[in-house]
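For the sequence shown, my numbering begins at 183 and goes up steadily by one. Cβ atoms here follow ideal geometry from the backbone N, Cα and C, with glycine treated the same way. None of the values given here were measured: they were computed from a predicted structure. See below for the structure under consideration.
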Amino acid sequence: MTIQRFQLVESLRTVSALLVGLYHLLLFAVEGNRLFPGMDASQLFFEFLKTTVLTFFILTAIVIPVHFEQEGYTARNYGTFLLKRLVRVHLPFLAVITLILLIEQFFLVYNGQSLHVDWFRFLANISLTAEFVHVNWYNTIFWTLAIEMQFYILIGILYPLIRKQPFWGTLGYFVGGEILHMIWPDSRFVWYYTPYFAIGIVLYFLLIKRLDKLQVLGIIVLEAATVFFLHGQIETIVAFVVPVLFLVLPDARSIFSYLGRYTYSFYLVHGLSGGLLLYFTRSLGEGTLWGIVRLLLALLFSFAASWAFYKLMEKPAMRLTHRIRYRRS
């Protein structure tokens, strides 16, 4: 992948993170206090914002093959790949879960209650099994991390096979996933999101010129049609518009590509940091204008917190990941 294309991935990641952050912050509510009274998650606007999180699946499926090719990945390195992913992705996740737990204890003391830890919920979150044992995530967006971890487990096995025949391999991955989806339509499993990951894979093969535009267009249209019939119209927007944007947007560095490096940290901490700011400013004023000011402050504070979390937690995890090397053939 060219440097410019990687910058575009980072830009799309930033925009998606911003839209997802808006979804959570706009719907902030505590003790009957809403940022903007009258807004509801069932409204079409919020359905769209919520759906943009699927963009991350497409971008992940572009970036992981890049990693495989750059590092000379083979099936014998499967265990090492999963270890690298756990260090890169899960260590920062564990850090933010611990931080959430500590703040939760602070609020118990703040409200005159005894310290209490729901260890079952804690273990369900850190093991990414909350959906399976029917407990709440500390942040509802963490369900996507559980899906991505399943994708890592799957793609580490399948990619060496897909790489041999990019068109038929990707098509086989797509068809196999959709068969599982029709047999067992459970959104807790990675196959439910097969079209988005498959779109990312074909875009990667297009970038390295192992698929031509006609082949890619055919697969994308097939996948978008599948999303339309099996998922919904709003989801189809992501399945079609994101790859089109990726193909037609110009190659250029921007503030969005710069901020892209902090999007995982933003993903992890925006609910905590932005939510805290909204919580402590809830009694300082009312009205739409004040709501807009609070929203902007929450976004800025979330990006500032993301920068700090990246420096303190995510970047050290990345450095540790680089020390774990694949065995060469």
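Strand pairing of residue i, partner residues [DSSP]
i	result
residue 215	212
Among the options, nearest to residue i - alpha-carbon criterion
i	options	result
residue 306	294, 325, 349, 298	325
residue 283	308, 366, 474	308
residue 189	223, 245, 510	245
residue 447	274, 358, 203	274
residue 496	204, 198, 269	269
residue 213	477, 465, 482	465
residue 475	409, 456, 394	456
residue 196	265, 440, 494	440
residue 227	204, 211, 247	204
residue 490	444, 460, 502	444
residue 404	430, 357, 424	357
residue 215	460, 510, 499	460
residue 317	330, 331, 302	302
residue 421	281, 402, 386	402
residue 335	266, 488, 225	266
residue 281	487, 387, 331	487
residue 416	272, 366, 225	225
residue 510	251, 194, 198, 199	251
Inter-residue Cα distance where the pair is residue i and residue j
i	j	result
residue 435	residue 463	35 Å
residue 360	residue 249	26 Å
residue 374	residue 363	5 Å
residue 353	residue 426	19 Å
residue 406	residue 294	52 Å
residue 230	residue 484	22 Å
residue 390	residue 348	11 Å
residue 217	residue 207	8 Å
residue 232	residue 454	18 Å
residue 312	residue 450	16 Å
residue 192	residue 442	4 Å
residue 477	residue 288	24 Å
residue 525	residue 304	In this structure the chain extends from 183 to 511, so residue 525 is not present and cannot be described.
residue 507	residue 242	21 Å
residue 384	residue 292	52 Å
residue 397	residue 351	13 Å
residue 482	residue 452	10 Å
residue 300	residue 279	13 Å
residue 437	residue 263	31 Å
residue 346	residue 458	49 Å
residue 432	residue 315	45 Å
residue 371	residue 337	14 Å
residue 186	residue 428	For residue 186, the pLDDT reaches just 47, beneath the cut-off of 50, and the residue's location in the model is therefore unreliable, although a value from the coordinates is still provided. Roughly 11 Å separates the two Cα atoms.
residue 413	residue 333	19 Å
residue 368	residue 211	29 Å
residue 394	residue 408	21 Å
residue 296	residue 327	31 Å
residue 504	residue 493	16 Å
residue 247	residue 323	24 Å
residue 418	residue 277	34 Å
residue 502	residue 310	22 Å
residue 410	residue 424	15 Å
residue 430	residue 366	36 Å
Collapsed DSSP secondary structure at residue i in the structure displayed
i	result
residue 377	helix
residue 471	helix
residue 311	coil
residue 414	coil
residue 317	coil
residue 298	coil
residue 371	coil
residue 508	coil
residue 186	With a pLDDT of only 47 at residue 186, under the threshold of 50, the placement of this residue in the model should not be trusted, and no figure is reported.
residue 293	coil
residue 322	helix
residue 328	helix
residue 366	coil
residue 460	helix
residue 233	helix
residue 203	helix
residue 258	helix
residue 432	coil
residue 195	helix
residue 466	coil
residue 390	coil
residue 223	coil
residue 347	coil
Check: residue i C-beta below 7 Å from any heavy atom of the ligand FAD
i	result
residue 226	The ligand content of the structure shown is nil, which means the ligand FAD is not present either.
Cβ contact check for the stretch 365 to 381 and the stretch 233 to 243: 3 or more pairs under 8 Å:
The stretch 365 to 381 vs the stretch 233 to 243: in contact.
Counting pairs of beta carbons, one from the stretch 462 to 482 and one from the stretch 220 to 229, are three or more of them closer than 8 Å?
No, because fewer than three Cβ pairs between the stretch 462 to 482 and the stretch 220 to 229 fall closer than 8 Å, the two stretches do not touch.
Using 8 Å as the cut-off, can you tell me whether the stretch 335 to 347 makes contact with the stretch 257 to 268, which would need three or more C-beta pairs spanning the two stretches below that distance?
Contact holds: three or more Cβ-Cβ distances are below 8 Å.
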